[in-house]
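Visitor: Have a look at the structure that comes next, please.
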Amino acid sequence: FISKHSRLWGARNQFELNEFWVSLLEKAYAKLNGNYANLGGGLPVNALTDMSGGIEQRFEFKSTIQHSHLVKEDLFDFIKSCIDYGSLLACSINAASSTAEMILENGLVIGHTYSITHYYIIPTTKENDNTLAKRAILRFRNPWGNSIEWKGKWGDADPIWNSLDAVTRKRLSIRRRDDGEFWMAFEDFYKEFDVMEVCHISPDTYDEISLDTEDAEHHWRLWFSTGTWRAGENSGGSCATPGCRHHCYYWRNPQFVLELTSCRRNRNQLCQFIVALMQKPKGNDVSLITDEQYIQIRIFRIKPYVKIFDKKVYGPDDVERIESTGPYVNRREVSLLLKTMSGAYLIIPSMADVDVEQDFILRIFSEDTNVGRTYVNIFRDDDDEETKRNLLQQYAAIDAQISKKSSLSFQYIRTLFGSRENVDIQPNDPSKQCEDEQVDKKQTILKKNSK
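In terms of the working numbering, the sequence shown has 334 at position 103, counting the first letter as 1, and numbering is strictly consecutive.
In structure tokens form, the structure reads like this:
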């Protein structure tokens with residue numbers, strides 16, 4: 232308490248002063264992260280993931296969007312789908328240390344996190360008007376809950392609201408209050424903001440009753456597996472270059488096989504699917520970020536003639552690469568959302584360096600309901616050391632052809648892990664950078680985000 236004012240310190244309900252659960256939750260989270268001071272920075276999506284158990288996804292409009300070949304119109308469809316699925320969305324404007332929390336003339340705050348809570352598509356009388364992105368507006372909330380709001384088009388004071396009938400305005404709960412809530416056009420959102428973060432909610436968040444309702448079709452189905460990269464076993468590094476002199480046996484990394492079925496909800500027979508790789512903290516201190524490894528996920532399509540159940544391990548001759556999470560980055564979690572046709576797919580999580588030991592969790596959110604798994608070793612029990620080396624050399628190559636079709640719905644999952652037997656592998660030389668994959672050696676920037 233702040234005794235002078237007899238009120239709670241930190242997060243609190245400004246209307247119900249006797250409500251304590253928010254303050255208690257904040258205190259518990261501060262203990263988890265070491266102290267209250269550690270809650271003053273970091274990525275908002277990390278906190279959302281910690282609170283919900285969901286999967287995080289981060290978009291930087293000037294880089295991530297370009298890498299994923301996601302055009303502006305597709306971005307609105309993605310936001311719409313996320314809100315329909317109950318995902319948590321946040322956005323912010325990048326800030327230098329000198330401009331943090333600076334209020335712009337348009338009412339937006341630099342370096343400050345806003346939540347995206349709803350969308351609406353303005354009706355049109357034009358026939359065959361498919362420009363949803365140009366007619367879309369989004370609802371935001373400034374967590375300060377005060378008068379600092381967007382002053383542009385579709386802001387609280389904009390006369391354009393008079394173009395909508397009273398019933399629509401009431402349904403959208405349009406009110407001119409200094410409560411931090413406002414609307415703005417999607418076009419302005421894309422222009423003004425730099426970063427959008429999404430936390431896809433785990434189905435564990437919902438109770439059994441809600442999963443039996445009509446809205447259940449908008450709930451993800453979850454599958455996850457824990458694993459470990461072990462030196463000399465399955466910590467194969469990043470390089471898949473043929474005959475790599477660094478001994479980066481990429482194909483020795485853990486392999487996860489998915490057989491996808493056509494989506495029951497999508498008319499184009501495509502289905503959404505999210506895969507996320509999270510590295511576990513070492514020891515009990517989850518607040519430490521300095522030890523995070525540079526991680527990545529690559530996704531391959533298994534070629535039609537390859538018999539899935541006959542393979543001990545998959546190599547470049549069996550697959551074609553379709554997508555990845557981008558350059559290796561030292562973040563706690565990396566993720567990828569895809570849409571693809573049915574077929575068999577191979578997911579390989581990896582670290583940039585060879586023979587580094589690290590625990591990880593691989594999670595998959597799917598619209599499909601049928602999930603199963605089997606564990607298989609790379610080597611046969613009677614394989615000698617020379618056979619193992621030849622096998623690893625055989626798989627030290629990759630088909631670099633990129634297919635832009637991508638993502639999700641699966642019937643079963645099979646995971647393949649490296650043998651538990653030791654293999655004499657030389658460690659990677661950090662002075663020699665493999666040409667096959669980019670490693671983003673810039674440290675993760677922890678922005679100061681306002682509460």
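Where is the CB? At the ideal position from N, CA and C, for every residue including glycine.
Given Ile433, which residues of its chain have a CB within under 6 Å of its CB, disregarding the five upstream and five downstream residues?
Guide: Working through the sequence shown from its first residue, we reach residue 433 at position 202. First, the amino acid is wrong: residue 433 is Ser here, not Ile. So the qualifying residues of the chain are Gly284, Gly285, Leu453.
Visitor: So that I know if they touch, is there some Cβ in chain E lying closer than 8 Å to that of Val544?
Guide: Absent here is chain E; the protein component of the structure consists of one chain.
Visitor: So what does Arg594 bridge to, in DSSP terms?
Guide: Here residue 594 is taken as the residue at index 363 of the sequence shown, counted from 1. DSSP lists Phe455, Ala507 as partners of Arg594.
Visitor: Between Phe420 and the ligand MN, is the CB less than 7 Å from at least one heavy atom?
Guide: You won't find the ligand MN in this model; it holds no ligand whatsoever.
Visitor: Taking the C-alpha atoms as reference points, what is the distance between Ile341 and Trp375?
Guide: Position 110 of the sequence shown holds residue 341. Position 144 of the sequence shown holds residue 375. Going from the Cα of Ile341 to the Cα of Trp375 covers about 14 Å.
Visitor: Going by DSSP, what residues sit across from Cys322 in a beta bridge?
Guide: The residue you call residue 322 lines up with position 91 of the sequence shown. According to DSSP, Cys322 bridges with Tyr345, Met427.
Visitor: Which residue or residues does DSSP assign as beta-bridge partners of Gly574?
Guide: In the sequence shown, residue 574 corresponds to position 343, counting from 1. DSSP lists Leu491 as partners of Gly574.
Visitor: Expressed to the nearest angstrom, what Euclidean distance is found between the alpha-carbon atoms of Gln288 and Val587?
Guide: Along the sequence shown, read from residue 1 onward, the residue named residue 288 stands at position 57. Along the sequence shown, read from residue 1 onward, the residue named residue 587 stands at position 356. Roughly 25 Å between the two C-alpha positions.
Visitor: Nearest to Leu567 by CA position, among Asn269, Lys511, His431, Gly467, is which residue?
Guide: The residue labelled residue 567 in the question sits at position 336 within the sequence shown. When only C-alpha atoms are compared, the closest one is His431.
Visitor: How far does the alpha helix (DSSP H) with Phe309 in it reach, from first residue to last?
Guide: Start at 1 with the first residue of the sequence shown, and residue 309 comes out as number 78. Run containing Phe309: 303-315, per the alpha helix (DSSP H) assignment.
Visitor: Going by DSSP, what residues sit across from Leu568 in a beta bridge?
Guide: The count along the sequence shown starts at 1 and reaches residue 568 at position 337. Leu568 is bridged to Ile505.
Visitor: Under 8 Å, do Asn264 and Leu256 count as touching if we go by C-beta distance?
Guide: Counted from its first residue, the sequence shown places residue 264 at position 33. Counted from its first residue, the sequence shown places residue 256 at position 25. No, the Cβ-Cβ distance between Asn264 and Leu256 is not below 8 Å.
Visitor: If you drop the 5 nearest sequence neighbours on each side, which residues of the same chain put their C-beta closer than 6 Å to that of Met427?
Guide: Within the sequence shown, the letter at position 196 stands for residue 427. So the list reads Phe290, Cys322, once near-sequence residues are dropped.
Visitor: Judging by CA-CA distance, which residue of Tyr576, Tyr480, Ala327, Arg370 is the nearest neighbour of Met415?
Guide: Your numbering for residue 415 matches position 184 in the sequence shown. With distances taken between Cα atoms, Met415 lies closest to Arg370.
Visitor: Span of the beta strand (DSSP E) holding Ile369?
Guide: Position 138 of the sequence shown, counting from 1, holds the residue named residue 369. Going by the sequence as given, residue 369 is Leu instead of Ile. It spans 367-372 - the beta strand (DSSP E) in which Leu369 sits, taken as one unbroken run.
Visitor: If the criterion is Cβ atoms closer than 8 Å, does the pair Ile324 and Glu247 meet it?
Guide: Here residue 324 is taken as the residue at index 93 of the sequence shown, counted from 1. Here residue 247 is taken as the residue at index 16 of the sequence shown, counted from 1. Contact: no.
Visitor: Does the Cβ-Cβ distance between Phe199 and Pro580 come in under 8 Å?
Guide: With the chain covering only 232 through 682, there is no way to say anything about residue 199.
Visitor: Is Arg402 helix, strand or coil by DSSP?
Guide: In the sequence shown, residue 402 corresponds to position 171, counting from 1. Helix at Arg402.
Visitor: Please name the residue in Tyr481, Met509, Ile347, Ala575 whose C-alpha comes closest to that of Asp281.
Guide: Residue mapping note: residue 281 aligns to position 50 of the sequence shown, counting from 1. Comparing Cα-Cα distances from Asp281 to each of Tyr481, Met509, Ile347, Ala575, the minimum goes to Met509.
Visitor: Would you check if the distance between the CB atom of Ile578 and the CB atom of Ile505 is smaller than 8 Å?
Guide: Position 347 of the sequence shown, counted from the first residue, corresponds to residue 578. Position 274 of the sequence shown, counted from the first residue, corresponds to residue 505. The answer is no: Cβ separation not under 8 Å.
Visitor: Taking Cβ positions, are Leu501 and Lys401 nearer each other than 8 Å?
Guide: Numbered from 1 along the sequence shown, position 270 holds the residue referred to as residue 501. Numbered from 1 along the sequence shown, position 170 holds the residue referred to as residue 401. Contact: no.
Visitor: Using DSSP's beta-bridge definition, name the partner residues of Ala331.
Guide: Here residue 331 is taken as the residue at index 100 of the sequence shown, counted from 1. None, per the DSSP bridge assignment.
Visitor: For the alpha helix (DSSP H) containing Trp252, name the first residue and the last one.
Guide: Within the sequence shown, the letter at position 21 stands for residue 252. It spans 252-263 - the alpha helix (DSSP H) in which Trp252 sits, taken as one unbroken run.
Visitor: If distances are taken between C-alpha atoms only, which option among Arg483, Arg366, Cys470 comes closest to Glu464?
Guide: The residue you call residue 464 lines up with position 233 of the sequence shown. Checked all of Arg483, Arg366, Cys470; the closest Cα to Glu464 is Arg483.
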